[in-house]
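full-length UniProt numbering puts the sequence shown at residues 1 to 539.
Where a beta carbon is used, it is the ideal one built from N, C-alpha and C, also for glycine.
Encoded as structure tokens, the structure appears first; notes follow it.
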Amino acid sequence: MTALGSFSSAVARWHADERTVGSPLNDAEVASLRRTRVFGATGTVLMAIGALGAGARPVVQDPTFGVRLLNLPSRIQTVSLTMTTTGAVMMTLAWLMLGRFALGPHRMSRSQLDRTLLLWALPLLIAPPMYSRDVYSYLAQSQIARLGLDPYKVGPAPGLGLDHVFTLSVPTIWRETPAPYGPLFLWIGRGISTVTGENIVAAVLCHRVVVLLGVGLIVWATPRLARRCGVTEVGALWLGPCNPLLFMHLVAGIHNEAPMLGLMLAGTEFALRGIDGVRDGSWRLAPRPLAMLVFGTVLIALSSQVKLPSLLAIGFVAMALAWRWGGTVKAFLAAGFSLGALSLLVMAVIGWASGLGFGWLSTLGTANVVRSWMSPPTLIALGTGQVGILLGLGDHTTAVLGLTRGIGVIIIGILVTWLLLAVFRGRLHPVGGLGVALGATVLLFPVVQPWYLLWAIIPLATWATRPGFRGSTIAITLVVGIFGPTANGDRFALFQIVDAVLASTVIVVLLIALTWRRLPWRVMPDDGVLRADAYAESP
1 MTALGSFSSA
11 VARWHADERT
21 VGSPLNDAEV
31 ASLRRTRVFG
41 ATGTVLMAIG
51 ALGAGARPVV
61 QDPTFGVRLL
71 NLPSRIQTVS
81 LTMTTTGAVM
91 MTLAWLMLGR
101 FALGPHRMSR
111 SQLDRTLLLW
121 ALPLLIAPPM
131 YSRDVYSYLA
141 QSQIARLGLD
151 PYKVGPAPGL
161 GLDHVFTLSV
171 PTIWRETPAP
181 YGPLFLWIGR
191 GISTVTGENI
201 VAAVLCHRVV
211 VLLGVGLIVW
221 ATPRLARRCG
231 VTEVGALWLG
241 PCNPLLFMHL
251 VAGIHNEAPM
261 LGLMLAGTEF
271 ALRGIDGVRD
281 GSWRLAPRPL
291 AMLVFGTVLI
301 ALSSQVKLPS
311 LLAIGFVAMA
321 LAWRWGGTVK
331 AFLAAGFSLG
341 ALSLLVMAVI
351 GWASGLGFGW
361 LSTLGTANVV
371 RSWMSPPTLI
381 ALGTGQVGIL
391 LGLGDHTTAV
401 LGLTRGIGVI
411 IIGILVTWLL
421 LAVFRGRLHP
431 VGGLGVALGA
441 TVLLFPVVQP
451 WYLLWAIIPL
461 ATWATRPGFR
471 GSTIAITLVV
481 GIFGPTANGD
491 RFALFQIVDA
501 VLASTVIVVL
511 LIALTWRRLP
521 WRVMPDDGVL
531 RADAYAESP
């Protein structure tokens with residue numbers, strides 16, 4: 001606790017001159033913002049410390065093994081799980097309080113929010129992976145590619161052997177399965193594997209650097225897309241890049257959604273800049289707007305070579321271009337063909353240069369073996385299967401899964417087509433269409449993981465300003481962020497999870513009581529509630 005107190009004091013001193021940088025907040029609000037920031041940073045410090053025992057540590061080459069102080073959390077796993085859970089709740093509640101300064105009548109500056117985002121991320125950068133072991137699958141698949149084998153045909157166990165240092169840390173369910181990721185991501189991973197060899201710690205840190213670059217692109221693109229849609233920068237950054245799910249699952253969890261979203265959002269912004277240079281009805285593009293459009297399209301195509309769903313952005317950019325070209329059938333075909341051809345060219349170049357080809361197209365359904373309760377089509381099928389068992393009709397879950405998942409895909413196709421036509425007719429902003437399309441894709445996808453929600457949350461944060469959307473996003477973040485990942489990547493007994501949840505609840509309640517007058521838990525007198533006028537903006 002003394003160390004945490006020193007950390008909090010150092011952070012407070014770091015921001016001692018914050019009032020002098022032109023903050024739109026008054027002195028009392030700046031002080032309250034600092035305390036909120038420190039509260040959240042303390043939470044991420046707890047998460048990082050707890051991850052030494054409750055995180056997804058490697059089976060071998062664990063750098064904490066045998067080190068007295070660093071190895072202690074692994075010996076008291078229930079305490080470690082309590083720390084990570086408490087820290088996650090603290091950070092999530094701090095984010096919720098931060099919303100007062102992002103959506104209220106007096107809003108913090110961009111630099112104040114950037115400092116908050118950086119401060120909360122720093123402790124997680126050196127922590128073990130959390131909430132998922134996917135990064136070890138990345139390492140194994142990249143090593144397979146490095147050895148000259150096809151990661152789209154062989155999995156970690158047959159490709160590397162069951163006793164390989166990477167295979168041992170891969171979850172059992174994924175040891176036999178080929179890679180479902182695009183060739184660009186595995187190409188990057190192969191480069192990391194070439195540099196780090198079989199050093200797990202170095203390889204994990206390199207993958208975290210890739211994630212940070214992706215997060216940097218997200219932070220760069222979000223305010224620019226928000227301005228384009230008439231949304232305040234700080235509000236969009238708070239709801240999107242500053243969302244607790246990003247810290248927990250992209251920064252701490254090291255998921256490749258970060259480079260995918262970063263490249264997609266940056267590409268969308270550049271492409272729309274190019275389209276801005278098109279005069280309505282004119283087919284002529286000046287060199288600079290044309291370069292912007294081409295560069296943006298290339299970035300989006302590259303993002304699809306990490307994960308395919310981001311390719312949806314090409315469709316909405318093409319429809320925006322077709323609308324600016326006059327909204328005719330000829331414009332529709334010209335925009336769709338030109339941007340589609342460029343995207344296919346980029347994919348072909350990546351497949352050829354990486355030597356991985358298009359094998360990834362045959363492994364896109366790899367994750368469907370997981371029966372995720374967060375996916376409505378899968379949940380309906382699981383419930384129907386259980387009803388059949390109770391009625392003595394037998395277990396038909398697998399058959400029903402094929403039906404409900406197929407219906408979900410059909411609905412996605414219909415909805416995305418409708419959204420594309422709405423953009424083509426000028427009735428919907430392309431960023432809004434992209435966000436809604438990705439939201440529908442996540443909602444009706446056969447498998448939904450907590451970090452998939454960011455596919456929709458971040459683009460929609462730059463466009464949607466209605467209280468209903470923001471309220472739903474906040475509720476989903478609280479539920480998924482606090483209750484979803486209780487077991488942090490390792491296997492815990494039920495009693496450990498229950499004990500950790502109960503202990504975390506008591507600790508958080510005590511912290512709220514102790515900070516009731518110091519933090520903006522209640523409505524601040526000169527702030528007001530998150531009033532309706534805070535949502536008055538419209539896209």
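key: Phe332: first and last residue of the uninterrupted alpha helix (DSSP H) it sits in   = Position 332 of the sequence shown, counted from the first residue, corresponds to residue 332. Run containing Phe332: 329-354, per the alpha helix (DSSP H) assignment.
DSSP three-state assignment for Phe316, whether helix, strand or coil = Translated into the one-based positions of the sequence shown, residue 316 becomes position 316. Three-state result, Phe316: helix.
key: CB-CB length for Trp516 against Phe424, believed under 8 Å   = The count along the sequence shown starts at 1 and reaches residue 516 at position 516. The count along the sequence shown starts at 1 and reaches residue 424 at position 424. The Cβ separation is near 53 Å, so there is no contact.
ask   = Since Asp150 is in the alpha helix (DSSP H), which residue starts that stretch and which ends it?
value = Taking the first residue of the sequence shown as position 1, residue 150 is located at position 150. Here Asp150 belongs to no alpha helix (DSSP H), and DSSP marks it neither H nor E.
message = Taking the beta carbon of Ala226 as the centre, do at least 16 other beta carbons fall within 10 Å, making it buried, or is it exposed?
response = Sequence index remark: in the sequence shown, residue 226 carries index 226 (1-based). Result: buried.
query = Expressed to the nearest angstrom, what Euclidean distance is found between the alpha-carbon atoms of Ser304 and Gly182?
reply = Position 304 of the sequence shown, counted from the first residue, corresponds to residue 304. Position 182 of the sequence shown, counted from the first residue, corresponds to residue 182. Distance between the alpha carbons of Ser304 and Gly182: 7 Å.
query = Rounded to the nearest angstrom, how far is the Cβ of Ala203 from that of Leu139, given a contact under 8 Å?
reply = Within the sequence shown, the letter at position 203 stands for residue 203. Within the sequence shown, the letter at position 139 stands for residue 139. The Cβ separation is near 5 Å, so the contact holds.
message = Comparing C-alpha positions only, which one of Leu147, Leu162, Pro128 sits nearest to Cys206?
response = As a working mapping, residue 206 is identified with position 206 in the sequence shown. Of the listed residues, the one whose Cα sits closest to Cys206 is Pro128.
key: Residues near Ala440 by beta carbon distance below 6 Å, same chain, minus five either side   = Within the sequence shown, residue 440 is the residue found at index 440, counting from 1. Around Ala440: Ile412, Leu415.
key: Residues near Ala94 by beta carbon distance below 6 Å, same chain, minus five either side   = Residue numbering aside, residue 94 sits at position 94 when the sequence shown is read from its first letter. Correct list, in chain order: Thr36, Phe39, Gly40.
ask   = Can you list, in chain order, the residues of its chain whose CB lies under 6 Å from that of Leu460, leaving out five sequence neighbours each side?
value = Taking the sequence shown and counting its residues from 1, one reaches residue 460 at position 460. Counting only Cβ-Cβ distances below 6 Å, and skipping sequence neighbours, we find Gly435.
ask   = Is there contact between the segment 89-109 and the segment 207-218, where contact requires at least three CB pairs shorter than 8 Å?
value = no
Environment of Arg190 [buried if 16+ CB atoms lie within 10 Å] = Here residue 190 refers to the residue found at position 190 when the sequence shown is read from its first residue. Answer is buried; the Cβ neighbour count reaches 16.
message = Let me make sure I understand the geometry here. Which of Leu421, Ser32, Pro376, Thr417 has the alpha-carbon closest to that of residue 563?
response = Residue 563 is absent from the model: the chain starts at 1 and stops at 539.
query = Can you give the Cα-Cα distance for Ser32 and Leu290, rounded to whole angstroms?
reply = Along the sequence shown, read from residue 1 onward, the residue named residue 32 stands at position 32. Along the sequence shown, read from residue 1 onward, the residue named residue 290 stands at position 290. Their backbone Cα atoms lie some 47 Å apart in a straight line.
task = Can you say whether Val30 is buried or exposed, counting buried as having 16 or more other CB atoms within 10 angstroms of its CB?
result = Mapped onto the sequence shown, residue 30 falls at position 30. Result: buried.
key: Alpha carbon of His255 to alpha carbon of Leu453, nearest angstrom   = Within the sequence shown, the letter at position 255 stands for residue 255. Within the sequence shown, the letter at position 453 stands for residue 453. Going by the C-alpha atoms only, they are around 13 Å apart.
inquiry  = What would DSSP say about Ile254, mapped onto helix, strand or coil?
reply    = Start at 1 with the first residue of the sequence shown, and residue 254 comes out as number 254. If DSSP states are grouped into helix, strand and coil, Ile254 belongs with coil.
inquiry  = Given this structure, state the Cα-to-Cα distance separating Leu302 from Ala271, to the nearest angstrom.
reply    = The residue you call residue 302 lines up with position 302 of the sequence shown. The residue you call residue 271 lines up with position 271 of the sequence shown. Roughly 14 Å separates the two Cα atoms.
ask   = When you compare only the Cα positions, how much space is there between Arg288 and Arg100?
value = On the sequence shown, residue 288 is found 288 positions in, with the first residue counted as 1. On the sequence shown, residue 100 is found 100 positions in, with the first residue counted as 1. Approximately 40 Å between the Cα atoms of the pair.
message = Going by beta-carbon coordinates alone, are residue 562 and Arg107 separated by less than 8 Å?
response = Any property of residue 562 remains undetermined from this structure, which presents the chain solely from 1 to 539.
message = Is it buried or exposed, Val498, if we count other Cβ atoms within 10 angstroms and call 16 or more buried?
response = Along the sequence shown, read from residue 1 onward, the residue named residue 498 stands at position 498. Val498 comes out exposed.
inquiry  = In whole angstroms, give me the CA-to-CA distance for Pro520 and Val508.
reply    = Here residue 520 is taken as the residue at index 520 of the sequence shown, counted from 1. Here residue 508 is taken as the residue at index 508 of the sequence shown, counted from 1. Their backbone Cα atoms lie some 15 Å apart in a straight line.
ask   = In whole angstroms, what is the alpha-carbon distance linking His164 and Gly43?
value = Position 164 of the sequence shown, counting from 1, holds the residue named residue 164. Position 43 of the sequence shown, counting from 1, holds the residue named residue 43. Their Cα atoms are separated by approximately 35 Å.
key: Beta-carbon contacts of Pro73 that lie in its chain and below 6 Å, excluding the five residues immediately before and after   = Residue mapping note: residue 73 aligns to position 73 of the sequence shown, counting from 1. Counting only Cβ-Cβ distances below 6 Å, and skipping sequence neighbours, we find Leu52, Gly53, Ser80.
ask   = How many angstroms separate the CA atom of Cys229 from the CA atom of Phe332?
value = Counting from one through the sequence shown, the residue named residue 229 turns up at place 229. Counting from one through the sequence shown, the residue named residue 332 turns up at place 332. Going from the Cα of Cys229 to the Cα of Phe332 covers about 23 Å.
key: N-terminal and C-terminal residue of the alpha helix (DSSP H) that Met90 is part of   = In the sequence shown, counting from the first residue as 1, residue 90 sits at position 90. Taken as a continuous stretch (DSSP letters only), the alpha helix (DSSP H) holding Met90 covers 77-103.
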